[in-house]
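Below is one structure, written out as structure tokens, with a few remarks after it.
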Amino acid sequence: MTIRPSLRAALLAEAVRCAERAGPLDDGDVLRTAWAAAPDGAGRLQVRARLLAERLGLPPLIERARAWAGVLLLAIAALVLVAGLGLADRVLGGGGSRQINVMAALAGLLGLHALTLLAWVGSVLFAPGAFRLSLGGLWLLLTARVAGGRQGQGPLLLQAAWQSLARARLLPWALGLASHAVWALAFAVALAWLLFALAFHRYTLAWETTILSPGFFVRSVQALGWLPAQLGFPVPDAATVLAATSAPSAADPARQRSWALWLTGCLVVYGLLPRLLLVALCAAVCRARRGALQPDLSDPYYRQVLARFDALAPSRVVEADPGRPVQPAPQPLPPGEGADLLLVVGFELPPEAPWPPAGLPPEVEALAVDGSAAQRSALLDRLALLRPRRVLVACDASASPDRGTERFLRAVAVHCGILQIWLVPPAGTDPARSAASAARWKAWLSDCGLAQIAAHGGTWAEALERTP
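Everything in the sequence shown is counted per my numbering, starting at 513 for the first residue and increasing by one.
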């Protein structure tokens, strides 16, 4: 079994993500290496995941899983085949009898197959989590356990594979591909064994009943045989079905051949063909959705990592225009004017940032602006009404300020006495990166003619302590 490089990278990225749920990994040097190794965010995420996965010892586990996956799938198929052959041997006279109840034999050979097939369809439609109990789920579990060995990383590898498939909506199709392949192989071998037994042994195929009428069997044989008949398999006529209970008539070779081919046709059409068609369907869906296994860059986890990469970027201003003259600093409210109020405003913060911040004093009013013109206008109207002495604007420290940010700050500054910026760091940001972000913002404020607006990092409490 081979694993494509892109799928391998996606599995490593998901495994690292699962590992970091218990706490962020130490990746300061890894971030710098990934920043220099790739030109874009997706490439840097891939390099970071690969380097951290190597530190966790995951690449050898994936190679071991690749080597064992095919072997374990064949082992599961062998177990299913042995169980199926044992059942078939019993229903076809394994105790030494050559008398076969053809309807009981058909139910015995197709019963478990039909139940598992209906369970798979029901799981696809109603209960995706039930795939843990399927042959495909068992195969994935055994592969991860064998690959994990003594290092104890098998559960992490299993969780990463499971969540990657679930996120890409491939879980029923990937595990179904394994399950249906096992059943198809088992049916192929069982059919070969059945044809061999019917070809070189003499069996008497008949039906028996205590409570059912002969007409029921005539209708059942005709109904079950209609679809195989479209592929050329014969269907016993009513006389043959009714004569199957009479020993002299049942022993007629022509009628026995008709019964044997009818039984074989039913096993092919209702057993082997559905599994082969589902193998093809699952393979086609897996191929079509393979691209969805790649990391979703809009996910909060990856957005946080990308923000940490952005913090490593050199200072730059989005929409910079070197030829544009610097505007004069806005005039704040004169001392003594305005109410003795403090407002904290969240400006274009990422969705995962908690707002308002926990523990904010009740006398401090917290507002939020998502960047829309309507919200900005409403905020400015409220500031014009309150005329607070102090305003603390919370900004994403990893973001790059632009002209829109400058216009917003200038508009706020004229409605308050003191305006300062609180740089909200992404979760897990180290002090060195926070200091670099603060320096970048301060340089931007100076370039825009807003040097009188101070920018502070840290927590909201530290920012408030620095606010006069």
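No residue lacks a Cβ here, since even glycine has one placed at the ideal position from N, Cα and C.
Local Cβ density within 10 Å of residue 713, reported as buried at 16 or more and exposed below that = Along the sequence shown, read from residue 1 onward, the residue named residue 713 stands at position 201. So residue 713 counts as exposed.
Proximity of residue 565 and residue 571 at Cβ, strictly below 8 Å | Against the sequence shown, residue 565 aligns to sequence position 53. Against the sequence shown, residue 571 aligns to sequence position 59. Using a Cβ distance threshold of 8 Å, residue 565 and residue 571 count as a contacting pair.
Going by Cα to Cα distance, which pick from 934, 567, 754 and 596 is closest to residue 967?
-> Translated into positions along the sequence shown, residue 967 becomes position 455. For the set 934, 567, 754 and 596, the Cα lying nearest the Cα of residue 967 is the one of 934.
Between the Cα of residue 782 and those of 859, 720 and 630, spot the shortest distance and give me the residue it belongs to.
-> Along the sequence shown, one-based indexing puts residue 782 at 270. Among 859, 720 and 630, the Cα nearest to that of residue 782 is on 630.
If you follow the beta strand (DSSP E) that residue 892 is part of, which residue opens it and which one closes it?
-> In the sequence shown, counting from the first residue as 1, residue 892 sits at position 380. Residue 892 -> not in any beta strand (DSSP E); alpha helix (DSSP H) instead, spanning 885–898.
Under a three-way DSSP split, which group does residue 878 fall into?
-> Residue 878 sits at position 366 when you count from the first residue of the sequence shown. Note: residue 878 maps to strand in three-state DSSP.
Leaving out five residues before and five after residue 549 in sequence, what residues of the same chain have Cβ atoms less than 6 Å from its Cβ?
-> The sequence position of residue 549 within the sequence shown is 37, counting from 1. 559.
Closest by CA to residue 667, which one among 963, 519, 574 and 910?
-> As a working note, residue 667 is residue 155 in the sequence shown. The residue with the shortest Cα to Cα distance from residue 667 is 574.
Taking DSSP as the reference, what is the three-state secondary structure of residue 827?
-> Position 315 of the sequence shown holds residue 827. Annotation note: pLDDT 45 at residue 827 (below 50); position unreliable, no value reported.
Compute the Euclidean distance between the alpha carbons of residue 524 and residue 938, then round it to the nearest angstrom.
-> Counting from 1 along the sequence shown, the entry for residue 524 is found at position 12. Counting from 1 along the sequence shown, the entry for residue 938 is found at position 426. So the alpha carbons of these two residues sit roughly 23 Å apart.
Indicate whether residue 584 and residue 654 have their beta-carbon atoms separated by less than 8 Å.
-> Walking along the sequence shown from the start, residue 584 turns up at place 72. Walking along the sequence shown from the start, residue 654 turns up at place 142. Yes, Cβ-Cβ distance for residue 584 and residue 654 is below 8 Å.
Do the stretch 778–792 and the stretch 735–748 touch if we need at least three Cβ pairs shorter than 8 Å?
-> yes
Could you name the residues of the same chain whose beta carbon sits closer than 7 Å to that of residue 700, not counting the 5 residues immediately before and after it, in chain order?
-> As a working note, residue 700 is residue 188 in the sequence shown. Counting only Cβ-Cβ distances below 7 Å, and skipping sequence neighbours, we find 784.
Between the Cα of residue 752 and the Cα atoms of 728, 776 and 718, which residue gives the shortest distance?
-> Taking the sequence shown and counting its residues from 1, one reaches residue 752 at position 240. For residue 752, the nearest C-alpha among the options comes from 718.
Where does residue 966 fall in DSSP's three states?
-> On the sequence shown, residue 966 is found 454 positions in, with the first residue counted as 1. Assignment of residue 966 by DSSP, reduced to helix, strand and coil, places it in the strand class.
Could you tell me how far apart the beta carbons of residue 903 and residue 861 are, in whole angstroms, since I believe they sit closer than 8 Å?
-> As a working note, residue 903 is residue 391 in the sequence shown. As a working note, residue 861 is residue 349 in the sequence shown. Residue 903 to residue 861, Cβ: 16 Å. No contact.
In chain order, which alpha helix (DSSP H) runs of at least 4 residues are fully inside the stretch 715–768?
-> 726–742, 750–755 and 759–762
May I ask you to report which of helix, strand or coil DSSP gives residue 801?
-> Position 289 of the sequence shown, counted from the start, is the residue given in the question as residue 801. Residue 801 falls in the coil class under three-state DSSP.
Through-space distance from residue 857 to residue 879, alpha-carbon basis | Locating residue 879 in the sequence shown gives position 367, where the first residue counts as 1. Locating residue 857 in the sequence shown gives position 345, where the first residue counts as 1. Answer to the nearest angstrom: the Cα atoms are 5 Å apart.
Relative to the C-alpha of residue 965, which residue among 945, 865 and 905 is closest?
-> By 1-based counting over the sequence shown, the position of residue 965 is 453. The candidate whose alpha carbon is nearest that of residue 965 is 905.
Quick one: does the C-beta of residue 801 sit closer than 7 Å to a heavy atom of the ligand ZN?
-> As presented, the structure is devoid of all ligands, the ligand ZN included, so that no description of it is given.
Do you know how far the Cα of residue 598 is from the Cα of residue 705?
-> Here residue 705 refers to the residue found at position 193 of the sequence shown. Here residue 598 refers to the residue found at position 86 of the sequence shown. For residue 705 and residue 598, the distance between alpha carbons rounds to 11 Å.
Can you tell me where the alpha helix (DSSP H) with residue 784 in it begins and where it stops?
-> The count along the sequence shown starts at 1 and reaches residue 784 at position 272. Looking at the DSSP string, residue 784 is not in any alpha helix (DSSP H), and its letter there is neither H nor E.
What three-state label does DSSP hand residue 694 in the structure shown?
-> Position 182 of the sequence shown holds residue 694. Of the three classes helix, strand and coil, the one that applies to residue 694 here is helix, per DSSP.
Of the listed residues 928, 686, 595 and 563, nearest to residue 625 (C-alpha basis) = Here residue 625 is taken as the residue at index 113 of the sequence shown, counted from 1. Of 928, 686, 595 and 563, the residue nearest in Cα terms is 595.
Please name the residue in 635, 694, 770 and 803 whose C-alpha comes closest to that of residue 647.
-> Within the sequence shown, the letter at position 135 stands for residue 647. Considering only alpha carbons, the answer is 694.
Spatial neighbours of residue 839 within its chain, please: CB distance less than 6 Å, with the 5 preceding and 5 following residues excluded, ordered by chain position.
-> Along the sequence shown, read from residue 1 onward, the residue named residue 839 stands at position 327. 961, listed in sequence order.
Within 8 Å, strictly: CB atoms of residue 801 and residue 652 = Translated into positions along the sequence shown, residue 801 becomes position 289. Translated into positions along the sequence shown, residue 652 becomes position 140. Contact: no.
Could you check the C-alpha separation between residue 541 and residue 853 for me, to the nearest Å?
-> As a position in the sequence shown, residue 541 is number 29, starting the count at 1. As a position in the sequence shown, residue 853 is number 341, starting the count at 1. So the two alpha carbons sit approximately 44 Å from each other.
Check whether the Cβ atoms of residue 612 and residue 715 lie closer than 8 Å to each other.
-> As a first step, residue 612 must be located in the sequence shown, where it is residue number 100. As a first step, residue 715 must be located in the sequence shown, where it is residue number 203. Their beta carbons are under 8 Å apart, which means residue 612 touches residue 715 by this criterion.
Label residue 555 either buried or exposed according to how many other C-beta atoms from any shown protein chain fall within 10 Å of its C-beta, with 16 as the threshold for buried.
-> Working through the sequence shown from its first residue, we reach residue 555 at position 43. Under a 10 Å Cβ-count criterion, residue 555 is classified as exposed, with fewer than 16 other Cβ atoms of the shown protein chains found around its own Cβ.
Distance CB(residue 692)-CB(residue 798) smaller than 8 Å | Within the sequence shown, residue 692 is the residue found at index 180, counting from 1. Within the sequence shown, residue 798 is the residue found at index 286, counting from 1. Here residue 692 is not near residue 798, since their CB atoms are 8 Å or more apart.
How close, in whole Å, do the beta carbons of residue 696 and residue 791 come, if the pair is a contact with beta carbons under 8 Å?
-> Taking the first residue of the sequence shown as 1, we reach residue 696 at position 184. Taking the first residue of the sequence shown as 1, we reach residue 791 at position 279. Confirmed, about 6 Å.
In whole angstroms, what is the alpha-carbon distance linking residue 674 and residue 531?
-> Here the question's residue 674 lines up with position 162 in the sequence shown. Here the question's residue 531 lines up with position 19 in the sequence shown. When rounded, the separation of the alpha-carbon atoms in residue 674 and residue 531 is 14 Å.
Cutoff 7 Å; reference residue 526; Cβ partners in own chain excluding five residues on either side = In the sequence shown, counting from the first residue as 1, residue 526 sits at position 14. Excluding positions up to five away in sequence, the list reads 672, 675 and 676.
Extent of the continuous beta strand (DSSP E) run through residue 867 | Translated into positions along the sequence shown, residue 867 becomes position 355. From DSSP, residue 867 is part of no beta strand (DSSP E); its letter is neither H nor E.
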